[in-house]
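Q: Those protein sequences? They're chains H and D, same order as listed.
Final position of the first sequence in the numbering used here is 217; the numbers increase by one with none missing.
Final position of the second sequence in the numbering used here is 333; the numbers increase by one with none missing.
We treat Cβ as the ideally placed atom computed from N, Cα and C, and that holds for glycine.
Mind having a look at this structure? Questions to follow.
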Amino acid sequence: TLRADSQCPACGGPTLDLESQRELLHDFAKRSILDKLHLRQRPTLGRPVSRSALRTALQRLRELSQEALLEDDIGQEYEIISFAETGLSNINQIRLDFHFPDRNSGGMEIQQASLMLFMQLPPNSTCTVNVKVLMLRPHDTNLTLIAQHLLEVDASGWHQIFLGPEAQAACSQGHLTLQLVPEGQRAHRSDILGGTSHRPFVVARVRVGGKHRVRRR
Amino acid sequence: GIDCQGGSRMCCRQEFFVDFREIGWQDWIIQPEGYAMNFCTGQCPLHVAGMPGIAASFHTAVFNLLKANAAAGTARGGSCCVPTIRRPLSLLYYDKDSNIVKTDIPDMVVEACGCS
C-alpha cells in the first residue's frame with residue numbers, strides 16, 4: 001500500500017505504510033538469511049534431537065571452538081554437529097550413520113571432521129576401539145573400508161577422534177558411515193551407546209567457496 | 218553514523234529488530250531469538266556525500282567528489298543513504314537432517330549509515 005502524501009527521502013520514490021514496511025523488512029530478513037545459508041526454503045525438521053543431547057553437544061562444541069586456531073583469509077565458516085543414527089549393529093560392532101547436506105554444488109569444503117564418543121568404563125580398566133570409515137563406492141552395493149583409526153580409552157568420558165581426509169570426503173558427499181569395533185573383553189555396546197544425552201556425534205568444520213576462490217597477490 | 222531520532226530527515230540508522238518468534242522461525246533457529254537488522258533512511262544532500270566520517274572510505278570520498286562535480290547543477294545528485302558498517306550475525310540452527318549448524322553470516326547487522 002503506497003502512501004500518496006510522502007516520498008522516500010533517500011531514493012525519491014513513494015514510501016510504504018508502516019505495516020507494509022514491516023512486512024517488507026521481515027520478508028527481506030528471511031530472504032537474506034536463507035540466501036546466505038544457501039537454502040531455498042526454511043528447513044522442516046524431520047528427526048528431532050533430544051534437549052539433553054543438544055545441550056551436551058553444544059557444551060562440547062564450545063570447548064572445541066575455544067581450541068580452534070584463528071585463520072586469516074577465511075570465508076563464511078560453518079560448524080555442523082551431526083548426531084549418529086545407529087544402523088546394523090551386533091555385540092561385536094556398532095555402525096553409526098551420519099547425514100550431511102550435500103553442498104558440493106555450493107562450493108563448500110569440509111575442512112575438519114571429528115567424532116565425539118562417550119565411553120563408560122569400569123574403574124581401572126582400558127579399552128581400544130577400532131573406528132572404521134566405510135564408504136559406498138559408485139557401482140558397488142557393499143560398503144568399502146577406506147580408513148581406520150584406533151582409539152585408546154583409559155577413563156570414562158567424552159573422547160575425540162579426528163577423522164582423516166577420507167571421512168571428510170564422505171561428509172562432503174552427504175553421508176558418513178563409521179563402524180566401531182571394540183577390542184578386548186571390557187567393551188560392550190552399552191559402554192558406547194549410553195543414554196540419550198551421550199549420543200555420539202560428528203563435528204565438521206565447513207568453509208564456503210573453498211574450491212572456487214582465487215587468491216590475488 | 219547517526220541514529221534516527223524524532224523528525225530527523227538526514228541520513229540515519231533506523232533500528233529494526235527481527236523477532237524469530239514473530240516470523241515463525243523459532244523452531245529451527247536455536248539461537249539467537251532474533252536480530253537487530255536495522256536499515257538506513259534519510260536524505261543525502263550533495264554536500265554531505267563524501268564528508269569525512271560519513272563516507273565509507275577515502276576512495277569513496279574521491280569518487281563522490283568526482284560525481285558531485287559531474288552532477289553539479291542537478292537538484293538531487295546521486296548520493297544514497299546506505300550502510301557503511303555492517304557486522305556478522307552468529308546463528309545456531311537445525312538443518313533439514315536435524316544437524317546443528319553454527320555459522321557467522323557476514324554483513325547482516327547494519328551498524329552505521331552514511332551517504333554513498
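What residue from I240/D, I302/D and S315/D has the CA that sits closest to E250/D's CA?
A: For the purposes of this step, residue 250/D is taken as the residue at position 33 of the second sequence. The option with the nearest alpha carbon to E250/D is I240/D.
Q: Does DSSP classify V326/D as helix, strand or coil?
A: The residue you call residue 326/D lines up with position 109 of the second sequence. Strand.
Q: Count the other C-beta atoms from every protein chain shown that fall within 10 angstroms of the C-beta of L134/H, then say buried if there are 16 or more, exposed otherwise.
A: Reading the first sequence from its first residue, position 134 is the one you call residue 134/H. Result: buried.
Q: Please go through the same chain and pick out, in chain order, the residues whose beta-carbon is closer than 7 Å to the beta-carbon of C289/H, but skip the five residues on each side of it.
A: Residue 289/H is absent from the model: chain H starts at 1 and stops at 217.
Q: Mapping the DSSP letters down to three states, classify Q248/D as helix, strand or coil.
A: The sequence position of residue 248/D within the second sequence is 31, counting from 1. Strand at Q248/D.
Q: Is it buried or exposed for E328/D, if we count other Cβ within 10 angstroms and need 16 for buried?
A: The residue labelled residue 328/D in the question sits at position 111 within the second sequence. So E328/D ends up on the exposed side.
Q: When we look at the beta-carbon of D314/D and count the other beta-carbons within 10 Å, is it buried (16 or more) or exposed?
A: What you label residue 314/D is simply residue 97 of the second sequence in a count that begins at 1. Buried, since its Cβ has 16 or more Cβ neighbours within 10 Å.
Q: Of all Cβ atoms in chain H, is any one closer than 8 Å to the Cβ of I407/D?
A: Chain D is shown from 218 up to 333; residue 407/D falls before or after that span and cannot be answered.
Q: So what does DSSP say about D312/D, is it helix, strand or coil?
A: One-based indexing of the second sequence puts residue 312/D at position 95. Of the three classes helix, strand and coil, the one that applies to D312/D here is coil, per DSSP.
Q: Given a cut-off of 8 Å, decide if Y78/H and V202/H are closer than it, judged by their beta-carbon atoms.
A: Taking the first residue of the first sequence as position 1, residue 202/H is located at position 202. Taking the first residue of the first sequence as position 1, residue 78/H is located at position 78. Not closer than 8 Å, so no.
Q: Between which residues of its own chain and D140/H is the CB-CB distance below 8 Å, once the five residues before and five after are set aside?
A: Against the first sequence, residue 140/H aligns to sequence position 140. Contacts found: none.
Q: So if I threshold CB-CB distances at 9 Å, which residues from the segment 35–49 of chain H count as touching chain D?
A: K36, L37, L39, R42, P43, T44, L45, G46, R47, P48 and V49
Q: Going by beta carbon distance, what residues of the same chain come within less than 6 Å of M108/H, once the five residues before and after it are set aside?
A: Your numbering for residue 108/H matches position 108 in the first sequence. Once the five neighbours on either side are set aside, the close Cβ partners of M108/H are V206 and V208.
Q: Does any residue of chain D have a CB that is nearer than 8 Å to the CB of D73/H?
A: Translated into positions along the first sequence, residue 73/H becomes position 73. Since pLDDT at D73/H reaches only 46, below the 50 mark, its modelled position is unreliable, and the value read off the structure follows with that caveat. Not an interface residue.
Q: With H, G and I counted as helix, E and B as strand and the rest as coil, what does DSSP make of Q93/H?
A: For this step, residue 93/H is matched to residue 93 along the first sequence. Of the three classes helix, strand and coil, the one that applies to Q93/H here is coil, per DSSP.
Q: When you compare the CB of P323/D with every CB in chain H, is at least one pair closer than 8 Å?
A: In the second sequence, residue 323/D corresponds to position 106, counting from 1. Yes, its Cβ sits closer than 8 Å to a Cβ of chain H.
Q: For a contact defined as C-beta to C-beta under 7 Å, what are the partners of A29/H on chain D?
A: Within the first sequence, the letter at position 29 stands for residue 29/H. Going along chain D in sequence order, the residues near A29/H (Cβ under 7 Å) are V235 and M254.
Q: The ligand NAD and S172/H: does any heavy atom of the ligand fall closer than 7 Å to the residue's C-beta?
A: As for the ligand NAD, it is missing from this structure, which has no ligand bound.
Q: Give the range of the beta strand (DSSP E) segment to which Q148/H is assigned.
A: Taking the first residue of the first sequence as position 1, residue 148/H is located at position 148. Looking at the DSSP string, the run of the beta strand (DSSP E) that includes Q148/H is L143 to V153.
Q: Pop quiz: D321/D and R303/D are said to be a contact at Cβ under 8 Å. What is the actual Cβ separation, rounded to whole angstroms?
A: For the purposes of this step, residue 321/D is identified with residue 104 of the second sequence, where counting begins at 1. For the purposes of this step, residue 303/D is identified with residue 86 of the second sequence, where counting begins at 1. So it is not a contact: roughly 12 Å between Cβ atoms.
Q: Since N142/H and E183/H are thought to touch, with beta carbons under 8 Å apart, how far apart are those beta carbons, to the nearest angstrom?
A: The residue given as residue 142/H occupies position 142 in the first sequence. The residue given as residue 183/H occupies position 183 in the first sequence. So it is not a contact: roughly 23 Å between Cβ atoms.
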